[in-house]
Amino acid sequence: WHFGYRAGKPMAVTMKWLNEAVAGIAGIVLIITAGGVFKQVLQDSATDEYIASLSEQWKMPPLLFGWMITALLRVSIGSATVAGITAAGIVSPLVMSGAVSPELMVLAVGTGSVFGSHVNDSGFWMFKEFFNLSLKQTFLSWSVMETLISILGLIGVLLLDMFF
Numbered sequence: 312w313h314f315g316y317r318a319g320k321p322m323a324v325t326m327k328w329l330n331e332a333v334a335g336i337a338g339i340v341l342i343i344t345a346g347g348v349f350k351q352v353l354q355d356s357a358t359d360e361y362i363a364s365l366s367e368q369w370k371m372p373p374l375l376f377g378w379m380i381t382a383l384l385r386v387s388i389g390s391a392t393v394a395g396i397t398a399a400g401i402v403s404p405l406v407m408s409g410a411v412s413p414e415l416m417v418l419a420v421g422t423g424s425v426f427g428s429h430v431n432d433s434g435f436w437m438f439k440e441f442f443n444l445s446l447k448q449t450f451l452s453w454s455v456m457e458t459l460i461s462i463l464g465l466i467g468v469l470l471l472d473m474f475f
């Protein structure tokens with residue numbers, strides 16, 4: 312309002328600016344929303360509780376389980392944001408039960424969300440195009456780097472869990 316119509320700019324110019332501004336963030340908002348919707352579907356159908364119960368059945372440490380679920384979602388969906396938001400909904404029963412530190416679970420989910428970047432990931436394509444790489448080069452650099460970050464992050468989280 313202050314930089315548009317009130318500043319003497321025609322409404323058409325102000326609307327053009329608004330459209331350009333919204334276009335830049337619309338994709339991000341939709342991705343985050345999709346992750347929230349997917350998480351809610353899992354919660355409303357009690358699928359999140361079932362998946363969380365698998366941690367106990369498999370005798371898997373909750374932090375490793377949270378990382379694994381997030382990594383599987385990341386590889387299958389492609390979006391780190393959607394994988395992280397969805398996994399947070401899945402592992403929330405574990406956190407609510409007091410079985411694990413919420414802070415460490417956030418770190419485990421965060422590190423799992425960067426595992427295995429591939430062609431379904433927008434970051435993969437941005438890296439490929441920005442550095443003018445072939446698909447093979449992108450897999451050997453970006454995907455390997457993201458996977459190493461994820462695995463080393465998990466190791467760091469597990470070490471923190473041992474000492475704190």
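The numbering of the sequence shown is the working numbering, which starts it at 312 and goes up by one.
Where a beta carbon is used, it is the ideal one built from N, C-alpha and C, also for glycine.
Quick caveat: nothing in here was measured; it's all calculated off a predicted structure.
So the candidates are Thr397, Val406 and Met379; which of them puts its Cα closest to the Cα of Ile466? Met379
For Phe435, which option in Ser390, Leu470 and Phe475 has the closest C-alpha, if you only look at C-alpha atoms? Ser390
CA-to-CA distance, Val468 to Leu374, given in whole angstroms: Here the C-alpha atom of Leu374 lies approximately 8 Å from the C-alpha atom of Val468.
Exposed or buried, Ser428, counting other C-beta atoms within 10 Å across all chains shown (16 or more means buried)? Burial state of Ser428 is buried, judged by a 10 Å Cβ sphere holding 16 or more other Cβ atoms.
Rounded to the nearest angstrom, what separates Ser387 and Asn443 at their Cα positions? 26 Å
Alpha carbon to alpha carbon, how far is Asn330 from Pro321? Give it in angstroms, no decimals. 14 Å
Look at the alpha carbon of Gln351 and the alpha carbon of Val425, and state the distance between them as a whole number of angstroms. 22 Å
Just how far apart, CA to CA, sit Leu418 and Ser445? 32 Å
Segments of 4+ residues assigned as alpha helix (DSSP H) that fall wholly inside the region 381 to 448: 391 to 407, 413 to 423 and 433 to 441
Who are the near neighbours of Thr397 in its chain, counting only those whose CB is closer than 6 Å to its CB and skipping five residues on each side? Gly346, Phe349, Lys350 and Leu384
What is the DSSP secondary structure of Lys320, counted as helix, strand or coil? coil
Helix, strand or coil at Ser452 according to DSSP, with G and I counted as helix: Ser452 falls in the helix class under three-state DSSP.
Simplified DSSP state of Trp378, which is helix, strand or coil: helix
Look up Met371 in the DSSP assignment and say whether it is helix, strand or coil. Here Met371 sits in coil by DSSP.
Where Ala337 falls: helix, strand or coil (DSSP): helix
What's the gap between the Cα of Ser356 and the Cα of Val406? Ser356 and Val406 have their C-alpha atoms roughly 19 Å apart.
With DSSP as the reference, label Ser364 as helix, strand or coil. helix
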